[in-house]
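Everything on this sheet refers to the single structure shown next.
2 protein chains.
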Amino acid sequence: MNASSADSAPQDSEPHPDGKLTRARMLACALEMVDREGIDKLSMRGLARALGRDPMSLYRHATNKADLLDGVAETVLTELTVDSTDTDWIAQLRAVARQFRRIALTHPHVVPLLVTRPLATPLALRPRGTLRPLEDILALLTQAGFSGADALHIYRALFGFLHGHILNELQEIVEKPEETDDLLRLGLHRLPIHEFPHLRGLASVLAAYDGAAELERGLDILLAGLQSVTTPAI
Amino acid sequence: MNASSADSAPQDSEPHPDGKLTRARMLACALEMVDREGIDKLSMRGLARALGRDPMSLYRHATNKADLLDGVAETVLTELTVDSTDTDWIAQLRAVARQFRRIALTHPHVVPLLVTRPLATPLALRPRGTLRPLEDILALLTQAGFSGADALHIYRALFGFLHGHILNELQEIVEKPEETDDLLRLGLHRLPIHEFPHLRGLASVLAAYDGAAELERGLDILLAGLQSVTTPAI
DNA sequence: GACTGATGTCTACACCGTAGGTCTACGCAT
DNA sequence: ATGCGTAGACCTACGGTGTAGACATCAGTC
């Protein structure tokens, strides 16, 4: 039956995994591929190949490639859970921040999606899972006595910082990990000494970057500031 | 002569603007297109069409599409100037921050490039124009008496905040600007009331977002913190 | 059985990035 | 003048891409 047409062989990993193709399964596979090879290596055809399906079947579960990417971002962000009943809002925000960092480090290739996708879509049209953390944090903070405006403010401050931090941390790419000398390891020797004297001088400092510590320091400052400036009515 | 082949007509805006095609001219045109239609509408072929050249000529001035995108990001970032001789480092950092915001708002479609491109490239391989602000700020701060490590720290804090802020501010997309009611203007009525009660309640606050003020407030806090925590030896 | 809707498949189209080759024009040593 | 090297522009062609549109299959309901 079904002699394969002129296209490539349709079965790679598995012909038809077991049952139907669901959006969740599709997104999981897409996420896996993105984690492995980066965003722009993800194509509808490639994804279909990995799923053992026809490329066009994907369009039953995502209207678009854009929609698929939204789905991937949403999937990742669902790993972020906020306990909006926690009475210690500071501790809870700290926990959220750590979770977010962990997620970003686990899926570095998805981070561009996370920070970039919302720029194209009005808030209300964004995937619901993407808005969940916002709503939950608003709940947490109003529960703690903040006004809606202040709660929104705090959310923005936290995620602004978080996004900034993650973008900083993910830039730490080592060019030749096997090299022992910091200057060579980071490839800084390429930079002309006359043009970038300070930067070249910082090889050892750059090499010693500690993202986790950095996050904690930033959180200390930020949360202390938030607590002192706008203390909720108890 | 030269009856056009099966491809499209090669002359659109101008056949051969005036002289040779330079990298600068190419990048300027690319930036213009990105500003107008967004990043993923930019194609080598489209760019060539806009320049009135053959698509392949572009490869004389950019090895890659990736290289071209790097060039666009670099072009934009060159608008950012740091006066590293300024003795008032706080005022200078503030000025840099304001410039950066202005640039980001002028070229919103380039922001994804700005924040996303460095994630893929080791620091030393990034376009030089991209590293200029970093080097200059390091110069500014060491001039002011900071150690290299502290200077780097301050740079990171500033740009972390800046990136976070811009990503926040650019998310403020109004769905239907002509609508007067905030809830409808932002499209928030789509969100199910039971799932997003807090978010829906914040329509007026969301609508009143003021990016410039927000930036200043953040800068006040950040710069005050930096000044008090790590004051340079005078 | 007939109908309906969801799901999968096939074909086809317009477009993409770019490897490889060729044609032309110019600067420069001979 | 001659020849040569080189830089710029162009053409063709290949293998990919996202997805519209038509058709096929099947589950469940009347």
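Order-wise, the sequence lines are chains A and B. For the first sequence, counting from 1, position 84 maps to 84 in full-length UniProt numbering; every step adds exactly one. For the second sequence, counting from 1, position 159 maps to 159 in full-length UniProt numbering; every step adds exactly one. We treat Cβ as the ideally placed atom computed from N, Cα and C, and that holds for glycine.
Give the single residue among the options whose Cα lies nearest to the Cα of residue i.
i              : options                                       : result
GLU172(B)      : LYS20(A), ARG117(A) and LEU31(A)              : ARG117(A)
residue 245(B) : ARG36(B), GLU74(B) and GLY145(B)              : The displayed coordinates of chain B run from 1 to 234. Any statement about residue 245(B) would go beyond what the structure contains.
ALA120(B)      : THR130(A), PRO108(A) and PRO127(A)            : PRO108(A)
PRO112(A)      : GLN143(A), LEU69(A) and LEU138(A)             : LEU69(A)
VAL76(A)       : GLY38(A), VAL96(A), ILE39(A) and GLY129(A)    : GLY129(A)
ASP136(A)      : LYS176(A), GLN92(A) and ALA207(A)             : GLN92(A)
VAL72(A)       : SER147(A), PRO197(A), VAL205(A) and ALA24(A)  : ALA24(A)
GLU79(B)       : ALA97(B), ALA66(B) and ASP54(B)               : ALA97(B)
ARG45(B)       : ALA30(B), GLY225(B) and ASP35(B)              : ALA30(B)
LEU183(A)      : PRO177(A), SER57(A) and ALA203(A)             : ALA203(A)
GLY218(A)      : ARG185(B), THR180(B), LEU158(B) and PHE196(B) : LEU158(B)
ALA208(B)      : ALA95(A), LEU138(A), LEU152(A) and THR180(A)  : LEU152(A)
THR81(A)       : ALA66(A), ASP67(A) and ARG102(A)              : ARG102(A)
GLY187(B)      : ALA50(B), ALA149(B), GLU175(B) and GLY201(B)  : GLU175(B)
ARG200(B)      : ALA124(A), GLY211(A), GLY201(A) and ALA224(A) : ALA124(A)
Using a cut-off of 9 Å between C-beta atoms, extract the partners of residue i located in chain B.
i         : result
VAL34(A)  : Near VAL34(A) there are no residues of chain B at all, since even the closest Cβ is about 13 Å away, more than 9 Å.
GLU175(A) : PRO122, LEU123, ALA124 and LEU125
LEU202(A) : LEU138, GLY148, ALA149, ALA151 and LEU152
LEU167(A) : VAL115, THR116, PRO118, LEU119, PHE159, GLY160, HIS163, GLY164 and LEU167
VAL76(A)  : Within chain B, no residue comes near VAL76(A); the closest Cβ sits about 15 Å away, beyond 9 Å.
How about residue i: is its C-beta nearer than 9 Å to some C-beta of chain B?
i         : result
ILE103(A) : no
ARG45(A)  : no
LEU138(A) : yes
LEU69(A)  : no
PRO55(A)  : no
LEU27(A)  : no
LEU206(A) : yes
Run down chain B in chain order and give the residues with a C-beta less than 7 Å from the C-beta of residue i.
i         : result
PHE196(A) : LEU131 and GLU135
ARG60(A)  : Simply none; closest approach about 23 Å.
Would residue i count as contacting chain A if we go by Cβ distances under 9 Å?
i              : result
GLY218(B)      : yes
ASP7(B)        : Since pLDDT at ASP7(B) reaches only 38, below the 50 mark, its modelled position is unreliable, and the value read off the structure follows with that caveat. No, because no Cβ of chain A sits closer than 9 Å to the Cβ of ASP7(B).
GLU214(B)      : yes
HIS189(B)      : yes
residue 235(B) : Here chain B comprises residues numbered 1 to 234, so residue 235(B) is not present and cannot be evaluated.
VAL82(B)       : no
VAL115(B)      : yes
residue 287(B) : Outside the shown range of chain B, which is 1 to 234, sits residue 287(B), and nothing can be said about it.
ARG98(B)       : no
LEU31(B)       : no
GLY145(B)      : no
MET1(B)        : Since pLDDT at MET1(B) reaches only 33, below the 50 mark, its modelled position is unreliable, and the value read off the structure follows with that caveat. Cβ-Cβ to chain A under 9 Å: no for MET1(B).
Could you check if residue i is buried or exposed, using at least 16 other CB atoms within 10 Å of its CB as the buried criterion?
i         : result
LYS20(B)  : exposed
MET33(B)  : buried
ILE166(B) : buried
ARG36(A)  : exposed
LEU226(A) : buried
PRO133(A) : buried
GLU195(B) : exposed
ASN64(A)  : exposed
PRO192(B) : exposed
SER84(A)  : buried
ARG60(B)  : exposed
ALA213(B) : exposed
Could you tell me which chain A residues have their CB closer than 8 Å to the CB of residue i, listed as they occur along the chain?
i         : result
ARG94(B)  : Under the 8 Å cutoff, chain A gives no residues; its nearest Cβ is about 17 Å from ARG94(B).
LEU186(B) : PRO122, LEU123 and ALA124
Which residues in chain B sit within 8 Å of residue i, going by Cβ to Cβ distance?
i         : result
GLN171(A) : PRO118, LEU119 and LEU123
LEU42(A)  : Those do not exist, as LEU42(A) stays about 14 Å from chain B at its closest Cβ, beyond 8 Å.
VAL111(A) : LEU119
ASN64(A)  : Residues of chain B passing the Cβ test: none, with the nearest at roughly 12 Å.
Output, in chain order, the set of chain A residues within a Cβ distance shorter than 9 Å of residue i.
i         : result
PHE161(B) : GLY160, PHE161 and GLY164
ALA225(B) : The sequence as given places Gly at residue 225(B); Ala does not occur at that position. Chain A residues near GLY225(B): ILE221 and GLY225.
So which residues on chain A does residue i lean against when the C-beta distance must stay under 7 Å?
i         : result
THR142(B) : HIS198
LEU51(B)  : The contacting residues do not exist; LEU51(B) stays about 24 Å from chain A at best.
Q: Could you name the residues of the region 147-158 of chain A whose beta carbon sits closer than 8 Å to any beta carbon of chain B, in the order they occur along the chain?
A: GLY148, ALA149, ALA151, LEU152, ARG156 and ALA157
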